[in-house]
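Protein chains in written order, with my numbering: chain X, 1 to 355; chain R, 356 to 891.
First the structure, in the form of structure tokens, and then the observations on it.
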Amino acid sequence: KLNKMRMELAWIVVIHLVGCLADPQDTSVLPEGFVDATQRSTHTNNWAVLVDASRFWFNYRHVANVLSIYRSVKRLGIPDSQIILMIADDMACNPRNPRPGQVYNNANQHINVYGDDVEVDYRGYEVTVENFVRLLTGRTQNGTARSKKLLSDAGSNVLIYLTGHGGDGFLKFQDSEEITSQELADGIQQMWEKKRYNELFFMVDTCQAASLYEKFTSPNVLAVASSLVGEDSLSHHVDPSIGVYMIDRYTYYALEFLEKVQPFSKRTIGEFLQVCPKRVCISTVGVRKDLYRRDPHKVPITDFFGAIRPTRVSTHRINVTLANEEDFIAQQDEEPLKKPFKIVLEPQFPSEFFK
Amino acid sequence: METTSSSPFKPRRKDKDEDKFRIGATIAFIVVIIGIGVPMWWRTTTVYRVNLPSSDILSLCETSIKTAVQVAIYTKQPSRGQLLISELQAAFSDNEIWSVDFKQLSATTKTQEAHTPAVLEKLLLEEHPQSMGDFMFIEWANLQEDLLLTTERSALMRSDTTSNKLVQLLHAKILQTYRINQILSTDERMGAKSEAPQPAYDVIVSVLNPKPRLTHAQWNIAMAVKTYIEPWLAQVSGVSNFTVRSQWKYRVSIEADLKQVRDQSRLGRHYALQESALPHLLTSIAQNLSASTTDKPAINLVVYIPPCHTAPLHIYDSKEQRLTRNGVDAFISPPWGAFIIANPPERVCLAASNDKQPLPYQVSTTDNMQVMLDQLQKLLDISSELQIDGVKAVEIEQLEPRRWEYESFLRRSAIRHISTASSTLQSLIKLLDEISYIVIDDDVGAAITNSYADILAAKAALLGHRLADASALAKRAFVASERGFFDASLLAQLYFPDEQKYAIYIPLFLPIMVPVLSSFNMLRSVLQARRKAKQA
């Protein structure tokens, strides 16, 4: 009799399951088209804010960190006009640099990350907490050059990369001041209120980096940190010929990943978040994705590290003719006559003073 | 100030006089420190904030932005006109954004005799003048398509055009409802992802000649720009001011893979530029166009003269189809700018391929300027590119945009400015509530209050059928709100949040406050003693 009851129960369960699966009105299962639509990228342009906050020669690795990320981001398509690069000290022309004008991120010195076309927007003592917060919130002083402003709008995906020395809840700027995690959170909240970003990717490579993103409350922010609270981020290796540590571990492995990314790559941010496991990084990489509504494994990495520039062919014309072609011929005889001028050579050594 | 403990050298005297002085001194201290000092400290350390109409600003989103439009319909048969109007009114009855007023224009003997649509329109306008933003449907018998949009504020319709077509045209092209919905939507995924029209733009026309010694291209670009671009921009300066510059750039070449393609022309070959490589091409030249020397947002119009060894250059898509139309190879990239490929004429490159001296030639102004004008219209978002079945628009023949297109653009910009200014002011008020150490000085307060007043006036102007006023007021509101939100002084007390106020002042004032507070005890005991004495 028990067996019979068990059979009946099993049948009831099976019928119920079949009924659930066959129910077209089941609202707990979202239609696939809707799920896909929410996972699609909605940005129209890309910006990057790359900050190195520490100075002095022995912090060479922080400059190498930020310049390497700058190179990757530029290679993947973000133009210089949309990259804000803040470097607190000059390593390339530092008197202690045995390779003047060059900054390397590897002891084999294959790539000069300083290059010929680096464009540093905030250099030296201009890298301060006040300037950084002014940049994020858009409240720059009157007369700030356009290339020094973050002109992002509601369709911009912004990448923020910070490196330097940090502690529990702060990042040290220039060895004299700190930015607290509360100020960072306030700045990003103000960006969200004024619709200055579509999605934000926040990367930090400092000691106890995870404390910097703890106070965030604005939506659409994905944050990754090289170490958790209480852990130190370690540097990778020393170059004996230059005499300082060249690069930090997290950025070294992040770069290894980014070097393999091409502009049309299908790698995802989810894979990028898993770069540098504990056995190579020694510190644990911290990730904050509760504020980010998309699945990181479906977001292409070029959403933040590359740039889209929408182009479309447009061959129509407005059929208006206002003047004949002859009227536009540059008048050759109207150019002003160039007066002949005499060249006077001064003697190289003013010997007349010594007569 | 010690009144309770006595020194061992002075005999303790319960002298009422001395008590009186002691009590008087204590009361004086209490009055000065707690009565005057603490309120004065509180007032001098409050964050300076001008009075703002916060609750009014926060309630801005409750009133929607509604626009009044008048649409007139002229038909030969009044019954048809009445039927159309009743159907149109039904279609627009419950609309939250539009308050459309339909007017019927009846046929008179003069209008029946009109020979051309232009004459008919003129006659109708004499009787019933239109104001900015209005529209008119005119019935015209010999028409090939269902609806033909003119360059003024009207469209010609056939005798059998249905009201559905009219509604479709109104929503899609005249009122551009889908774009207004995008602007007004509160969902950030659906909302407008581009910038609002800025108050000033810099238009930079650049001619690139990468090999000036081999390509002797001559062109008076300054005069071409002055003849074609500047007058056209003067016509569309209702929302933004434009300053135009032109420049020649030598030795700036494009970075793109060009494939050689054999063909039947006299040169035997041309070069193919892939459509997918166009974004990278723009990135490679953008740095060299000196667009960053200006403070205003820039619109770059580039004309590229390919050198003969890679000429003629045509754009191909991914399916190996050539995308040249009517001899034009050009593309746009909003909001950055546009690019035209001005291939040198065949005879010039033939001479170059035969190793002769480079032949100087004139770049064709009309060709390039006509394409440039169309590109500019698309970049400024004035042209409506939506295609509807059976609807055509008359080609532009004057150096001015179509009147209905431009006024739709003004209306859309006004709504955009009002919506952006409202959300900016609301964000600012919310931020002031959350972060209590932001200073609002007089200038910023005035900008915010003026912006709020202008928003209300602009909304009223839109509802009151005054589009020109609404456009100007909305622009003023937008500029003031941006100025107020992004003022540099809002960061003044960056390092002085509330918690630090207490942390700094408590170590200064606590040593003084402790004896004052403890003397309260002494006063209380004295008063109790007095009361006991009175009772006794």
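Even for Gly, the Cβ is constructed at its ideal location relative to N, Cα and C.
With a CB to CB cut of under 8 Å and the five nearest residues on each side skipped, what residues in its chain are close to residue i?
i, result
"X:ILE282", "LEU234 and ARG249"
"R:MET545", "GLN537"
"R:ALA835", "ALA776, ALA802, ILE803, ASN805, SER806 and ASP809"
"R:ALA577", "SER601"
"R:ARG551", "Note that residue 551 of chain R is Ala in the sequence shown here, rather than Arg. For R:ALA551, where only same-chain residues beyond five positions count, the Cβ hits under 8 Å are SER768, ARG771, HIS772, THR775 and PHE833."
Leaving aside the five residues before and after residue i along the sequence, list all residues of the same chain whose C-beta is less than 7 Å from its C-beta, in chain order.
i, result
"R:VAL749", "LEU503, LEU504, THR505 and THR506"
"R:LEU478", "LYS465, THR466 and ALA469"
"R:LEU524", "LEU502, ALA510, ILE743 and VAL746"
"X:GLU346", "none"
"R:ALA697", "VAL658, TYR659, ILE660, VAL718 and ASN723"
Classify residue i as helix, strand or coil using the three-state DSSP reduction.
i, result
"X:THR180", "strand"
"R:ALA685", "strand"
"X:LYS355", "coil"
"X:TRP57", "helix"
"R:GLN352", "No answer is possible for residue 352 of chain R: the residues shown for chain R start at 356 and end at 891."
"X:MET7", "helix"
"R:SER892", "With chain R running from 356 to 891 in the structure shown, residue 892 of chain R is simply not present."
"R:LEU893", "Past the edges of chain R, shown from 356 to 891, lies residue 893 of chain R, and the structure says nothing about it."
"X:GLN262", "coil"
"X:MET158", "Inspection of the sequence shows that residue 158 of chain X is occupied by Val rather than by Met. Here X:VAL158 sits in strand by DSSP."
"R:GLN615", "strand"
"X:MET400", "There is no way to answer for residue 400 of chain X, as the model of chain X reaches only from 1 to 355."
"R:HIS526", "helix"
"R:TYR659", "strand"
Could you say which of the options lies nearest to residue i if we only look at CA atoms?
i, options, result
"R:SER647", "X:ALA92, X:SER147, X:VAL49 and X:LEU136", "X:SER147"
"X:PRO219", "X:ALA185, X:LYS338, X:LEU258 and X:ASN112", "X:ALA185"
"R:VAL580", "R:SER441, R:LEU731 and R:GLY392", "R:LEU731"
"R:GLY745", "R:ILE695, R:ALA510, R:SER410 and R:THR638", "R:ALA510"
"X:HIS110", "X:SER68, X:ILE87 and X:GLY124", "X:SER68"
"X:HIS62", "X:GLU259, X:GLU256 and X:PHE173", "X:PHE173"
"X:VAL224", "X:VAL261, X:VAL275, X:TYR245 and X:PRO95", "X:VAL275"
"R:GLN619", "R:ILE867, R:ILE388, R:GLU701 and R:VAL726", "R:GLU701"
"X:ASN106", "X:GLY270, X:ILE242 and X:ILE269", "X:ILE242"
"R:THR532", "R:ASP842, R:ILE793 and R:ARG766", "R:ARG766"
"X:GLY164", "X:ILE247, X:LYS298 and X:GLY115", "X:ILE247"
"X:ASN65", "X:THR315, X:TYR292 and X:MET203", "X:MET203"
"X:CYS93", "X:GLY270, X:LEU159, X:LEU9 and X:GLY124", "X:GLY124"
"R:PHE492", "R:PRO472, R:VAL881 and R:ALA589", "R:PRO472"
"X:GLY230", "X:SER314, X:VAL221, X:PRO240 and X:THR206", "X:THR206"
"R:GLY692", "R:ASP710, R:LEU656 and R:GLN712", "R:LEU656"
"X:LYS278", "X:LEU171, X:SER227 and X:ARG96", "X:SER227"
"R:LEU415", "R:LEU636, R:GLN883, R:SER826 and R:ALA812", "R:ALA812"
So residue i contacts chain X; which residues on that side make the cut at Cβ distance below 8 Å?
i, result
"R:LYS785", "GLU193"
"R:GLY692", "Those do not exist, as R:GLY692 stays about 11 Å from chain X at its closest Cβ, beyond 8 Å."
"R:ASN681", "THR315 and ARG317"
"R:GLN590", "Going along chain X, no residue has its Cβ under 8 Å from R:GLN590, so there is no contact; the nearest lies around 12 Å."
"R:ALA685", "VAL313, SER314 and THR315"
"R:THR506", "Neighbours of R:THR506 on chain X: none; closest Cβ ~11 Å, over 8 Å."
Can you find the residues in the same chain that come closer than 6 Å, C-beta to C-beta, to residue i, ignoring five residues on each side of it along the sequence?
i, result
"X:HIS43", "GLY155, ASN157 and ASN198"
"R:LEU714", "VAL703 and ALA706"
"X:ARG60", "Residue 60 of chain X is actually Tyr in this sequence, not Arg. So the list reads MET91 and VAL244, once near-sequence residues are dropped."
"R:THR598", "ASP557"
"X:VAL140", "Correcting the residue identity first, residue 140 of chain X is Thr in this sequence and not Val. Result list for X:THR140: ARG134 and LYS149, in chain order."
Below 8 Å on C-beta distance, what does residue i contact in chain R?
i, result
"X:TYR48", "Residue 48 of chain X is actually Ala in this sequence, not Tyr. Here the premise fails: no neighbours, minimum Cβ distance about 14 Å."
"X:SER147", "SER647"
Mind listing the chain R neighbours of residue i? Cutoff is C-beta to C-beta under 9 Å, in chain order.
i, result
"X:VAL320", "TYR583, TRP587, THR721, MET724, GLN725, LEU728, ILE751, GLU752, GLN753 and LEU754"
Interface residues of chain X around residue i at Cβ under 9 Å?
i, result
"R:ASP824", "Those do not exist, as R:ASP824 stays about 27 Å from chain X at its closest Cβ, beyond 9 Å."
Going along chain X, which residues have a C-beta under 7 Å from residue i?
i, result
"R:LEU349", "Since the first and last residues shown for chain R are 356 and 891, residue 349 of chain R lies out of range."
Original post:
With a cut-off of 8 Å, do at least 3 Cβ pairs link the segment 793 to 800 of chain R to the segment 856 to 863 of chain R?
Top reply: no
Original post:
Pairing CB atoms from the segment 73 to 84 of chain X with CB atoms from the segment 337 to 345 of chain X, are three or more of them under 8 Å?
Top reply: no
Subject >> Contact list for the segment 543 to 554 of chain R against chain A, Cβ threshold 8 Å >> reply: The structure shown contains no chain A; its protein chains are X and R.
Original post:
Pairing CB atoms from the segment 660 to 676 of chain R with CB atoms from the segment 613 to 626 of chain R, are three or more of them under 8 Å?
Top reply: yes
Original post:
Three or more beta-carbon pairs under 8 Å between the segment 674 to 682 of chain R and the segment 592 to 599 of chain R, yes or no?
Top reply: no
Original post:
Should the segment 676 to 685 of chain R be regarded as contacting the segment 581 to 591 of chain R, the criterion being three or more beta carbon pairs within less than 8 Å?
Top reply: no
**OP:** Spell out a yes or no on whether the segment 410 to 429 of chain R and the segment 475 to 492 of chain R are touching, meaning 3 or more CB-CB pairs, one atom from each, closer than 8 Å.
**Re:** yes
Subject >> Contact the segment 263 to 273 of chain X vs the segment 298 to 312 of chain X: 3+ CB pairs below 8 Å >> reply: Segments in contact, yes.
Original post:
Are the segment 780 to 793 of chain R and the segment 380 to 389 of chain R in contact at 8 Å, needing three or more beta carbon pairs?
Top reply: no
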